[in-house]
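**Student:**
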Amino acid sequence: MGAPGSSYWTGSLFVYNITTNKYKAFLDKHNQVKFGSYLGYSVGAGHFRSRHTTEVVGGAPQHEQIGKAYIFSIDAKELNILHEMKGKKLGSYFGASICAVDLNADGFSDLLVGAPVQSTVREEGRVFVYINSGSGAVMNEMEIELIGSDKYAARFGESIVNLGDIDNDGFEDVAIGAPQEDDLRGAIYIYNGRADGISSAFSQRIEGLQISKSLSMFGQSISGQIDADNNGYVDVAVGAFRSDSAVLLRTRPVVIVEASLNHPESVNRTNFNCIENELPSVCMDLTLCFSYKGKEVPGYIVLFYNMSLDVNRKAESPSRFYFSSNGTSDVITGSIKVSSRVANCKTHQAFMRKDVRDILTPIQIEAAYHLGHHVISKRSTEEFPPLQPILQQKKEKDIIAKTINFARFCAHENCSADLQVSAKIGFLKPHENKTYLAVGSMKTLMLNVSLFNAGDDAYETTLHIRLPTGLYFIKILDLTDVSFLLDASSLSRAEEDLNFTVHAACENEGETGNVKRNKVTLTVPLKYEVMLTVHGFVNPTSFVYGPKEENEPETCMAEKMNFTFHVRKVDCADICNKRKECYRCIAPEDIMYVINTGQSMAPNISVEIMIPNSFIPQTDKLFNILDVQTTAGECHFKNYQRKCALEQKKGTMETLKDIFKFLSKTDKRLLDETRALKFEIRATAFPEPNPKVIELNKDENVAHAGFFKRQYKSILQAENRRDSWSYINSKSNKDD
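For the sequence shown, UniProt numbering begins at 1 and goes up steadily by one.
#1: Pop quiz: LEU485 and MET442 are said to be a contact at Cβ under 8 angstroms. What is the actual Cβ separation, rounded to whole angstroms?
#2: With which residues is GLU78 paired in a DSSP beta bridge?
#3: In angstroms with no decimal places, state the Cα-to-Cα distance between VAL338 and THR287.
#4: If you draw a straight line from the alpha carbon of LEU463 to that of HIS503, how long is it in whole angstroms?
#5: Kindly list the residues whose CB is nearer than 7 angstroms to the CB of ILE166, restricted to its own chain and excluding five residues on each side of it in sequence; keep chain order.
#6: For LYS34, tell me which candidate among LEU184, GLY197, LYS86 and ASP75 has the shortest Cα-Cα distance.
#7: In the DSSP assignment, what are the bridge partners of SER276?
#8: Does the count of Cβ pairs from the segment 105-119 and the segment 44-63 closer than 8 angstroms reach three?
#9: Quick check on DSSP: helix, strand or coil for ASP330?
#10: Quick check on DSSP: helix, strand or coil for GLY36?
#11: If contact is defined by three or more beta carbon pairs under 8 angstroms, each pair taking one atom from either stretch, is the segment 140-157 in contact with the segment 198-212?
#12: Going by alpha carbons, who is nearest to LEU526 out of VAL121, THR435 and ALA240?
#13: Identify, in the order they occur along the chain, each residue of the same chain with its Cβ nearer than 6 angstroms to the Cβ of LYS519, setting aside the five sequence neighbours on each side.
#14: Near ASN192, which residues of its chain fall below 8 angstroms by C-beta distance, leaving aside the five closest residues on each side in sequence?
#15: Please classify LYS665 as buried or exposed, where buried requires at least 16 other C-beta atoms within 10 Å of its C-beta.
#16: Please classify GLY2: does DSSP put it in a helix, a strand, or coil?
#17: In the DSSP assignment, find the beta strand (DSSP E) that holds ASP110 and state where it starts and stops.
#18: In angstroms with no decimal places, state the Cα-to-Cα distance between GLY67 and ALA154.
#19: Of the residues GLN210, GLN118 and PRO179, which one's Cα is nearest the Cα of GLN65?
#20: By Cβ distance below 6 angstroms, which residues in the same chain neighbour PHE384 in space, the five residues on each side in sequence not counted?
#21: Count the other CB atoms, across all protein chains shown, that sit within 10 Å of the CB of residue 809; report buried if there are 16 or more and exposed otherwise.
#22: Please list, in chain order, all residues of the same chain as MET1 whose beta carbon is under 6 angstroms from its beta carbon, the five residues on each side excluded.
#23: How is the beta strand (DSSP E) around ASP478 delimited, first residue to last?
#24: List the endpoints of the continuous alpha helix (DSSP H) containing LEU184.
#25: Please say whether ALA187 and GLU207 have beta carbons closer to each other than 8 angstroms?
#26: Can you say whether LYS429 is buried or exposed, counting buried as having 16 or more other CB atoms within 10 angstroms of its CB?
#27: Name the DSSP beta bridge partners of MET139, please?
#28: Got a sec? Which residues, its chain only, sit under 6 angstroms from GLU258 by beta carbon, not counting five neighbours each side?
#29: Would you identify the three-state DSSP class for GLU64, choosing helix, strand or coil?
#30: From which residue to which residue does the beta strand (DSSP E) around GLY46 run?
#31: What does the Cβ neighbour count give for ASN132, buried or exposed, with the cut at 16 atoms within 10 Å?
#32: What are the boundary residues of the alpha helix (DSSP H) that GLY209 is part of?
#33: What separation, rounded to the nearest whole angstrom, lies between the Cα atoms of ILE275 and LEU371?
#34: What does the Cβ neighbour count give for LYS29, buried or exposed, with the cut at 16 atoms within 10 Å?
#35: Compare the C-alpha of VAL129 against each of GLU123, ASN277 and ILE160 and name the closest.
#36: Does DSSP put PHE241 in a helix, a strand or coil?
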């Protein structure tokens, strides 16, 4: 008996012997229980120290505002503490309910302790489980906590009762109340014991609202261990004190079914031992067998089942086996009549599809079954209506699951394949002998892959190929030695080489061979292959340079002259004649062209223009660069400031007499080099050597363009039409 209010609510426990009419009490001589602990708020008894002794338990939910539960020994004159358990949260009311129950059927009592006010949000409640170690009443807490439905303000754990073994599985079961669940309607939960303690999930939830809408706080109190209807199973009484009601819940008879599925150890995919639709086929026999037993159960039952084939097959893949008839169904349903304690079996034949490739994944077969409608006949002396039996609830939920493997004939136990892969890149003609790939030189590439297996059969073999950026798959040309046609037309940059990775893999359980042999990496150098050609013209093509008077100071001329340099990409096919002389499409207003006739785009072209500034052998400086404007790229120049004695007078032109053009159509003139001002134009793909660039005509990318000096005199109209000149390297002083 509990006395929670004794000693100013410190509380105590008493044991009353109805035979001797004597009491034994817990006296707490060492002040182990704190003031205001409410010891005795809940009480119980069990076999904690041995299977032959009885100990008592008591809860103190207010101990230090957290709560404790104690196990007491019953000694000669008083009760003494053997073991104690402490709550985890302030205000949880740990110890408000306790229950001694042998969950794992080891003969020692285990302990459930309720903390109905423990909160995550508000008063959801928890039940803690302690398993007896079997030595000195030492209890070990399980990692799991029972939570019911974890509902708001449910106060789960307000009451706990031992129901005994209501499902006939050999382990005792418990009922736990949550009286304030569902807005004070209330509910109780059934949890089943098992070998490792208790199931973390409840097997049944019974709501007060299911029974009657008038019930309130259903589950505040629970009582068991009485067979009210005399059917061999203990029943449960549940109190609902706010509605002044008590409910009797009768336990239904439990049918314990033993089910098995017999099948071949493996499937030989080469053994066509059956006939399906008049054709040889690979098949296997699947036999379902059932028997049952139980207390107060019918003399026979009918079980309904459905059997499914290849349930764990790969996603979006058809079942590798099917049942006969239309050849599309991988599920079959049926029923079987079984007599008590007598096994009955039924066999179904399953056939393998013709196109099965995956023989590594085991065939998973499942058979689910349920009980047909049966009623236990009513005895003449019974006051209660008959009950429908129920199948014993199992972990697998009345499902038989079996796995069948395909037979594999391997030299190694784990069927180890030894995949060896090799690969090479094929260049199309006329590039087949090159060791690098020039950007823009080819529209397609060929990747040739060879695969060889030096070990056991490789199943579900796959070839993984990683292509470099800029290359795209077109199609497979050959499946013997796999040849891939790749699109290379998008390659425009050569910053990184092309790296190909080819990896062979299979689904065998063992190793797929030497890692170095089933993976290969190819590297193809990627380069720019450029051929720069420079051509140039000037406009205006000539001016007249007059004589210089003796002792006459130099005069700075303010006349401005504009020269336009056009640098653009030109397709040599548009401008070259049969001799590859690239002059035809050059516009007369352009002074210079840089033409790339190579296979690749020319990156980062540098053009150096040397502007003439004096007539040999004189050193007089002729021009100053006043301004440079560009529409693309960047231009840098070095300026030379001429020192002049006198400034030019407005409106006078002393040395610059005339600007004219030579427009002749046919004959060419030979001019002394000393009488020509030459623009030297030099182009290069990179200012500094670059291993990524190959210049095919590096020594030929320099050109000269110029305009010519003449003494001031009359010029014939026929001579004035010349615009094409050749330069000679001459030291003579001939005058034109």
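Yeah, the Cβ is synthetic: ideal placement off N, Cα and C, and Gly gets one too.
**Tutor:** Working from what's here:
#1: Wrong, their Cβ atoms sit about 12 angstroms apart, outside the cutoff.
#2: Beta-bridge pairing links GLU78 to ALA25.
#3: If I take the Cα positions, the gap works out to 15 angstroms.
#4: Each residue's alpha carbon lies about 6 angstroms from the other.
#5: Same-chain partners within the cutoff: ASP173, TYR233, VAL234 and THR251.
#6: That would be LYS86, whose Cα lies nearest to the Cα of LYS34.
#7: The question names Ser, yet the displayed sequence has Glu at residue 276. The beta-bridge partner set that DSSP reports for GLU276 consists of LEU279.
#8: Result yes; three or more Cβ-Cβ pairs closer than 8 angstroms.
#9: In this structure, ASP330 counts as coil in the three-state DSSP scheme.
#10: The answer is coil: DSSP assigns GLY36 none of H, G, I, E or B.
#11: Three or more Cβ pairs drawn from the segment 198-212 and the segment 140-157 lie within less than 8 angstroms of each other, which places the two stretches in contact.
#12: Closest in C-alpha terms to LEU526, from the list VAL121, THR435 and ALA240, comes THR435.
#13: Once the five neighbours on either side are set aside, the close Cβ partners of LYS519 are HIS503.
#14: Closer than 8 angstroms at Cβ, skipping near neighbours: ASP167, ASP169, PHE171, ASP173, ILE198, SER199, SER203 and GLN393.
#15: Here LYS665 scores only 33 on pLDDT, less than 50, and its place in the model is too uncertain to base an answer on.
#16: In the three-state scheme derived from DSSP, where H, G and I count as helix and E and B as strand, GLY2 is classed as strand.
#17: ASP110 -> beta strand (DSSP E) spans 110-115.
#18: A straight-line Cα-Cα distance of about 19 angstroms links GLY67 and ALA154.
#19: Shortest Cα-Cα distance from GLN65 to any of GLN210, GLN118 and PRO179 involves GLN118.
#20: Result list for PHE384: ASP229, in chain order.
#21: In this structure the chain extends from 1 to 736, so residue 809 is not present and cannot be described.
#22: Cβ within range, chain order: PHE14.
#23: 472-478 is the extent of the beta strand (DSSP E) around ASP478.
#24: Taken as a continuous stretch (DSSP letters only), the alpha helix (DSSP H) holding LEU184 covers 181-184.
#25: Their beta carbons are under 8 angstroms apart, which means GLU207 touches ALA187 by this criterion.
#26: Its Cβ having fewer than 16 others within 10 Å, LYS429 is exposed.
#27: By DSSP's assignment, MET139 forms a beta bridge with ASN132.
#28: Counting only residues of its own chain and dropping the five nearest sequence neighbours on each side, GLU258 has a CB closer than 6 angstroms to the CB of SER291.
#29: In the structure shown, GLU64 sits in a helix (DSSP, three-state: H, G or I).
#30: Residues 42-46.
#31: Label assigned to ASN132: buried.
#32: Going by the sequence as given, residue 209 is Leu instead of Gly. From DSSP, the alpha helix (DSSP H) with LEU209 extends over 208-211.
#33: So the two alpha carbons sit approximately 35 angstroms from each other.
#34: That one is exposed.
#35: The shortest C-alpha separation from VAL129 is found at ILE160.
#36: In the displayed model, PHE241 falls within a helix according to three-state DSSP.
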